[in-house]
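Just so we're on the same page, our numbering is the position in the sequence shown counted from 1, plus 294.
To start, the structure under review is shown below, and the notes come after it.
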Amino acid sequence: MTKRCVVLLSGGLDSMLAVRIMQEQGIEVEALNFKTVFTCCQDQSAQKARDLGVRLTVVGQEDDYLDLVKEPRFGRGKGANPCVDCRIYMFEKAKRFMHQIGADFIVSGEVAGQRPMSQKRRDLDRIAYHSDLDDLLLRPLSAKLLRPTLPEREGWVDREKLYNIEGRSRKRLIALAKKYGLQEIPTPSTGCSLTEPKFSKKVFDLIDAPGESRRWDFELLKTGRHFRFDTQTKVVLGRDAAENDQLLHAHQLADANSTATMSPENFVGPLALVIGPRTDEAVEFAAGLILRYSRDYDAGNALVRVDGQIINASTTELARTLGTIATT
Ligand code: SF4
Numbered sequence: 295m296t297k298r299c300v301v302l303l304s305g306g307l308d309s310m311l312a313v314r315i316m317q318e319q320g321i322e323v324e325a326l327n328f329k330t331v332f333t334c335c336q337d338q339s340a341q342k343a344r345d346l347g348v349r350l351t352v353v354g355q356e357d358d359y360l361d362l363v364k365e366p367r368f369g370r371g372k373g374a375n376p377c378v379d380c381r382i383y384m385f386e387k388a389k390r391f392m393h394q395i396g397a398d399f400i401v402s403g404e405v406a407g408q409r410p411m412s413q414k415r416r417d418l419d420r421i422a423y424h425s426d427l428d429d430l431l432l433r434p435l436s437a438k439l440l441r442p443t444l445p446e447r448e449g450w451v452d453r454e455k456l457y458n459i460e461g462r463s464r465k466r467l468i469a470l471a472k473k474y475g476l477q478e479i480p481t482p483s484t485g486c487s488l489t490e491p492k493f494s495k496k497v498f499d500l501i502d503a504p505g506e507s508r509r510w511d512f513e514l515l516k517t518g519r520h521f522r523f524d525t526q527t528k529v530v531l532g533r534d535a536a537e538n539d540q541l542l543h544a545h546q547l548a549d550a551n552s553t554a555t556m557s558p559e560n561f562v563g564p565l566a567l568v569i570g571p572r573t574d575e576a577v578e579f580a581a582g583l584i585l586r587y588s589r590d591y592d593a594g595n596a597l598v599r600v601d602g603q604i605i606n607a608s609t610t611e612l613a614r615t616l617g618t619i620a621t622t
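Here it is in structure tokens:
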């Protein structure tokens with residue numbers, strides 16, 4: 295009987311090769327893409343699934359994912375990325391999906407030693423063990439360097455036709471892409487903003503702030519310029535009209551943590567959200583920021599709307615405010 299596997303398809307070269315290697319062995323492939331608040335390459339995976347001729351299911355994170363971002367059990371990479379915990383989480387989801395659709399095993403395009411944070415051999419073992427997949431998780435690109443898994447031992451997959459690729463070089467992967475007729479070779483990218491230093495700074499700022507940060511707070515990190523006013527309060531400014539709209543939309547959501555919206559009344563400039571206690575000092579701070587990122591306003595009569603109320607931002611203690619700005 296034809297065996298069926300679930301391949302984790304990020305849309306990157308490694309996962310595309312994993313699909314092709316399974317197809318070459320006559321295994322039926324179901325692709326699964328994992329989407330988090332921080333990932334951005336779902337569209338790419340949809341296109342790649344079409345190119346590869348496989349059905350794609352996209353699953354999202356649940357709120358417990360944020361717990362591991364806040365406090366990873368196995369540490370982080372260079373940024374805020376908790377890759378080992380994240381992979382364990384993904385594979386747990388994949389395992390559930392495998393059972394739901396009656397597939398036989400899971401396949402991943404991980405390459406031993408390719409990524410410092412999650413693909414050292416010890417990490418690969420750890421991920422397989424803690425996701426409770428162990429024997430059912432096949433990494434065809436590095437399989438010959440790893441313990442034979444159940445699909446290999448049972449002969450569902452021919453281990454001889456798998457690979458022993460290790461390390462960061464893409465040379466052998468690109469050669470394989472040619473062998474398997476992949477037309478477009480994606481450039482390497484995690485597609486995950488948790489690996490970006492600037493974004494990570496915002497994540498750490500949020501995690502370190504007192505109180506419980508929720509999904510809304512993490513979603514908001516993707517939009518605008520973030521400024522911390524004090525431990526409990528920050529201000530977010532849109533960088534353009536689209537971001538101003540996004541911030542306004544975020545403010546109107548039922549689970550919003552923002553306490554005020556502020557926007558220029560008689561000049562052109564950014565919209566601001568105040569997150570945390572809406573004190574006079576926080577409003578002054580935000581008004582100062584709006585002026586800082588605006589041009590062509592009357593320095594003696596710059597009006598800012600704070601929800602229903604209009605204040606004259608020219609009278610805020612702008613110099614003091616700008617002196618304390620901490621950009622995140
Ligand atoms: S780069 Fe991001 S999505 Fe990928 S494993 Fe690490 S934390 Fe997870």
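Every residue gets a Cβ at the ideal spot worked out from N, C-alpha and C, and that includes glycine.
No experiment lies behind these values; they were computed from the predicted model shown.
**Message:** If you reduce the DSSP assignment to three classes, tell me which class glutamate 490 lands in.
**Reply:** Of the three classes helix, strand and coil, the one that applies to glutamate 490 here is coil, per DSSP.
**Message:** Rounded to whole angstroms, what is the Cα-Cα separation between aspartate 428 and threonine 484?
**Reply:** 24 Å
**Asked** What residue range is occupied by the uninterrupted beta strand (DSSP E) comprising arginine 415?
**Response** Not the beta strand (DSSP E): arginine 415 falls in the alpha helix (DSSP H), residues 415-424.
**Message:** Does cysteine 380 come out as helix, strand or coil in the three-state DSSP assignment?
**Reply:** helix
**Request:** Examine the ligand ATP and report whether any of its heavy atoms sits within less than 7 Å of the Cβ of threonine 481.
**Result:** Among the ligands present in this structure, namely the ligand SF4, the ligand ATP is not found.
**Prompt:** valine 529 to cysteine 377, Cα distance in whole Å?
**Reply:** Distance between the alpha carbons of valine 529 and cysteine 377 is about 29 Å.
**Asked** Tell me which same chain residues have a C-beta within less than 6 Å of the C-beta of arginine 314, skipping the five on either side of it?
**Response** Tyr474
**Prompt:** Looking at the structure shown, is alanine 388 part of a helix, part of a strand, or coil, going by DSSP?
**Reply:** helix
**Message:** Given 7 Å as the limit, tell me if leucine 488 has its C-beta closer than that to any heavy atom belonging to the ligand SF4.
**Reply:** yes
**Request:** Would you kindly report the start and end of the unbroken beta strand (DSSP E) that includes alanine 325?
**Result:** 322-329
**Backbone CA spacing between leucine 439 and glycine 373 [nearest angstrom]** = 29 Å
**Message:** On the DSSP letters alone, give me the boundaries of the beta strand (DSSP E) that glutamine 603 sits inside.
**Reply:** Unbroken beta strand (DSSP E) run through glutamine 603: 603-606.
**Request:** Could you tell me the distance, in whole angstroms, from the CA atom of aspartate 358 to the CA atom of tyrosine 383?
**Result:** 10 Å
**Request:** Name the residue from Ser309, Val577, Phe368 and His393 whose alpha carbon lies nearest to the alpha carbon of phenylalanine 521.
**Result:** Val577
**Asked** So what's asparagine 538 in DSSP terms, helix, strand or just coil?
**Response** helix
**Message:** Using the three-state DSSP reduction, which class does isoleucine 584 fall into: helix, strand or coil?
**Reply:** Correct three-state label for isoleucine 584: helix.
**Message:** I need the boundaries of the beta strand (DSSP E) containing valine 301, first residue and last residue.
**Reply:** Unbroken beta strand (DSSP E) run through valine 301: 298-302.
**Segments of 4+ residues assigned as alpha helix (DSSP H) that fall wholly inside the segment 425-454** = 444-447
**Asked** Any heavy atom of the ligand SF4 within a distance shorter than 7 Å of the CB on asparagine 375?
**Response** yes
**Message:** Between which residues of its own chain and valine 451 is the CB-CB distance below 6 Å, once the five residues before and five after are set aside?
**Reply:** Gln319 and Pro445
**Nearest candidate by alpha-carbon position, reference glycine 563, set Gln546, Arg586, Ala397 and Arg572** = Arg586
**Message:** For a test of the three-state rule: what should DSSP assign to phenylalanine 332, helix, strand or coil?
**Reply:** coil
**Message:** Helix, strand or coil, according to DSSP, for isoleucine 459 in the structure here?
**Reply:** Look at isoleucine 459 here: in three-state DSSP terms it is coil, with no helix or strand label.
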